[in-house]
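**Student:**
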Amino acid sequence: MKKLYPAIVAVLIIIIAAGAYKFIIKGSVIESTDSRITIELESGERHFILGEMRGLLSKIQQLIAALATDDMDTFIQVAKVLKDESRGEIQQSLIGQMPIGFKKMSYKIHSDFTQLYDDALAKQDTAYSLQQVSELMQNCVACHATYSLQVAAE
Ligand code: HEC
């Protein structure tokens, strides 16, 4: 019986590693019909993410409009919302199920939002902030070029 323990432990480690690989590294992905990686989600989760995305687009528009009118106060307000918004429980649990590349880009853009807010407060420099908006939007472009979302088949 004693000899069996290492085998049982080995099997358990393999099961845990496979689970960790699926949930932490790979996420739930399938072959895509275009060149992107398709992430499978429940319908409600997909709607939630797309709603968040439309919110991002709208906030980016507000940031640029504020810079165009030299309105640093509004810029800082919107940047603060972007910085704080990603901390919600639903966001965190959804990001947790995503492939590692998606997680990385998602964490990167959120740290860029924090930097955007901090620098806007400290520097009050519209040209500098505009440059940062342009740079952080490369995260939007890169993630959209890599991933698409699809509702998982029942
Ligand atoms: C970590 C990945 C990631 C980042 C970063 C990201 N997006 Fe998205 N976004 C997606 C995915 C995936 C979709 C769904 C694309 C598909 O299924 O074809 C999407 C969809 C969208 C949509 C379409 C919403 C709808 O209702 O169909 C908009 C608008 C959008 N994103 C805006 C943005 C903007 C603006 C940014 C940057 C400020 C951004 N996204 C950053 C992954 C990302």
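Position 125 (the sequence shown) corresponds to 1039 in the working numbering; numbering is contiguous.
Quick reminder that beta carbons are idealized off the backbone N, C-alpha and C, glycines included.
1. Among Val925, Glu959 and Ser1048, which one has its Cα closest to the Cα of Gln1006?
2. For Lys994, which of Met967, Asp1026 and Gln1011 has the nearest alpha-carbon?
3. Is it the case that the CB of Ser957 approaches a heavy atom of the ligand HEC more closely than 6 Å?
4. Looking at the secondary structure, which residues open and close the alpha helix (DSSP H) in which Ser1007 lies?
5. Over what stretch of residues does the alpha helix (DSSP H) that includes Ser972 continue unbroken?
6. Compute every distance between the C-beta of Phe1027 and the non-hydrogen atoms of the ligand HEC, then say whether any falls below 6 Å.
7. For Gln1038, which residues of its own chain have a beta-carbon under 6 Å away from its beta-carbon, when the five flanking residues on both sides are left out?
8. Quick check: does the Cβ of Ile1023 come within less than 6 Å of any heavy atom belonging to the ligand HEC?
9. How many whole angstroms separate the CB atoms of Phe1016 and Gly941, which I take to be in contact at a CB cut-off of 8 Å?
10. Within 10 angstroms of the Cβ of Ile928, are there 16 or more other Cβ atoms? Answer buried if so, exposed if not.
11. Is there at least one non-hydrogen atom of the ligand HEC closer than 6 Å to the beta-carbon of Phe962?
**Tutor:** Looking at the coordinates:
1. As a working note, residue 1006 is residue 92 in the sequence shown. Checked all of Val925, Glu959 and Ser1048; the closest Cα to Gln1006 is Glu959.
2. Counted from its first residue, the sequence shown places residue 994 at position 80. Relative to Lys994, the option among Met967, Asp1026 and Gln1011 whose CA is nearest is Asp1026.
3. If you number the sequence shown from 1, residue 957 lands on position 43. In terms of side-chain proximity, the C-beta atom of Ser957 is found no nearer than 6 Å to any non-hydrogen atom of the ligand HEC.
4. Locating residue 1007 in the sequence shown gives position 93, counting from the first residue. Glu1003 to Gly1010 is the extent of the alpha helix (DSSP H) around Ser1007.
5. Here residue 972 refers to the residue found at position 58 when the sequence shown is read from its first residue. For Ser972, the enclosing alpha helix (DSSP H) covers residues Ser957 to Ala982.
6. The residue labelled residue 1027 in the question sits at position 113 within the sequence shown. For the ligand HEC, not one heavy atom lies less than 6 Å from the Cβ of Phe1027.
7. Start at 1 with the first residue of the sequence shown, and residue 1038 comes out as number 124. In the same chain as Gln1038, and ignoring 5 residues on each side of it, the C-beta atoms closer than 6 Å to its own belong to Met986, in chain order.
8. Here the question's residue 1023 lines up with position 109 in the sequence shown. Yes, the Cβ of Ile1023 comes within 6 Å of a heavy atom of the ligand HEC.
9. Residue numbering aside, residue 1016 sits at position 102 when the sequence shown is read from its first letter. Residue numbering aside, residue 941 sits at position 27 when the sequence shown is read from its first letter. A Cβ-Cβ distance of about 7 Å is found for the pair Phe1016 and Gly941, placing them in contact under the 8 Å criterion.
10. The residue labelled residue 928 in the question sits at position 14 within the sequence shown. With a threshold of 16 other beta carbon atoms within 10 Å, Ile928 falls short and is exposed.
11. For this step, residue 962 is matched to residue 48 along the sequence shown. Not one heavy atom of the ligand HEC is found less than 6 Å from the C-beta of Phe962.
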